[in-house]
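Numbering (the numbering used here), first residue to last: 25 to 213. Glycine residues also receive a C-beta, built at the ideal position from the N, C-alpha and C atoms. It should be emphasised that the depicted structure is a prediction, and the values quoted were computed from it without experimental measurement.
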Amino acid sequence: MSALRSALAIVIRTQNYSWQKKIDSTLKTLGKMTNVFVYGTLKQGQPNHRYMTDGSKGKGKYCGKGCTDEKFPLVIASEHNIPFLLNVPGSGHKIAGEIYLVDDQLLQFLDEFESCPKIYQRSPARIRVVEWEDKDNTLGVKPSGDGMLTCFLYSTTTYEREWLKLPYYNNYDAFGVQGQPKYIPRESR
Ligand code: PCA
Numbered sequence: 025m026s027a028l029r030s031a032l033a034i035v036i037r038t039q040n041y042s043w044q045k046k047i048d049s050t051l052k053t054l055g056k057m058t059n060v061f062v063y064g065t066l067k068q069g070q071p072n073h074r075y076m077t078d079g080s081k082g083k084g085k086y087c088g089k090g091c092t093d094e095k096f097p098l099v100i101a102s103e104h105n106i107p108f109l110l111n112v113p114g115s116g117h118k119i120a121g122e123i124y125l126v127d128d129q130l131l132q133f134l135d136e137f138e139s140c141p142k143i144y145q146r147s148p149a150r151i152r153v154v155e156w157e158d159k160d161n162t163l164g165v166k167p168s169g170d171g172m173l174t175c176f177l178y179s180t181t182t183y184e185r186e187w188l189k190l191p192y193y194n195n196y197d198a199f200g201v202q203g204q205p206k207y208i209p210r211e212s213r
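Laid out in structure tokens, this is it:
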């Protein structure tokens, strides 16, 4: 009986400890993390994804998949075939992407990487969450009851007007899926 009691005590201690670790790591990051929705080369499997999660430019945590609640034109433009979400809500498609929590360091890096505010501008948008990873809510951020989450995304109002005539996509891919022009990386990127 006493063996059982001490075994139980160990289990309880271990569980408390793992909870403590979870709470500690949440507290460390809470208040400094920002929701970002990515739809282009920063998604998993795409050419610039590494920055989101490898820690080299700051901390980023994958939260799940989503799509914009509003329609937008998503075009592939410029000599490098770069994806641009044109800030013209109501036109085009609901855009598929991924939701991340990023710390201030990574947010600042992303702003520079996306030439914000000159080429893209970071603006808030309502995202419909399709898949949510953080089921036990260790991140302290979760979609509202109707499955919505407001996230920043990089869209543009400073686009060239003729881009409005390009084909509109709903799910970007850099490698030419569904006839999309293939991404041409820049050496400096
Ligand atoms: N990077 C950002 C905006 C477009 C791009 O290629 C993203 O993935 O959301």
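Given Val68, which residues of its chain have a CB within under 7 Å of its CB, disregarding the five upstream and five downstream residues? In the sequence under discussion, the amino acid at residue 68 is Gln, which differs from the Val named in the question. Around Gln68: Glu122.
In whole angstroms, what is the alpha-carbon distance linking Cys87 and Ser30? 38 Å
Could you check where the alpha helix (DSSP H) with Gln145 kicks off and where it finishes? Premise fails: Gln145 lies in the beta strand (DSSP E), 145-156, not in any alpha helix (DSSP H).
Can you tell me the Cβ-Cβ gap for Thr180 and Tyr124, rounded? I've got them flagged as a contact below 8 Å. That pair is no contact at about 20 Å.
Figure out for me which residue from Lys85, Gly79, Tyr75 has the closest Cα to the Cα of Asn59. Lys85
One question on the structure: do Leu134 and Trp187 come within less than 8 Å of each other, judged by their Cβ atoms? no
According to DSSP, simplified to helix, strand and coil, what is Thr77? helix
Between which two residues does the beta strand (DSSP E) harbouring Phe176 extend? 172-179
Nearest candidate by alpha-carbon position, reference Cys91, set His104, Gly64, Ile106, Ser102: Gly64
For ligand 1, I want to know if Lys67 counts as a neighbour, meaning its beta carbon is within less than 7 Å of at least one of the ligand's heavy atoms. yes
On the DSSP letters alone, give me the boundaries of the alpha helix (DSSP H) that Phe133 sits inside. 128-137
So what does DSSP say about Val201, is it helix, strand or coil? helix
What separation, rounded to the nearest whole angstrom, lies between the Cα atoms of Lys118 and Asn72? 22 Å
For Ala198, count neighbouring C-beta atoms within 10 Å of its own C-beta (all shown protein chains included) and say buried if the count is 16 or more, exposed if not. buried
Tell me which residues share the same chain as Thr77 and place their Cβ nearer than 6 Å to its Cβ, disregarding the 5 neighbours each side in the sequence. Gly84
Please go through the same chain and pick out, in chain order, the residues whose beta-carbon is closer than 6 Å to the beta-carbon of Val62, but skip the five residues on each side of it. Gly121, Glu122
Short Cβ contact (8 Å threshold) for Gly116 with Lys95: yes
Taking the DSSP output, what are the residues bridged to Leu71? Looking at the sequence shown, residue 71 is not Leu but Pro. Bridge partners of Pro71: none, in fact.
Would the beta-carbon of Pro107 fall within 8 Å of that of Tyr196? yes
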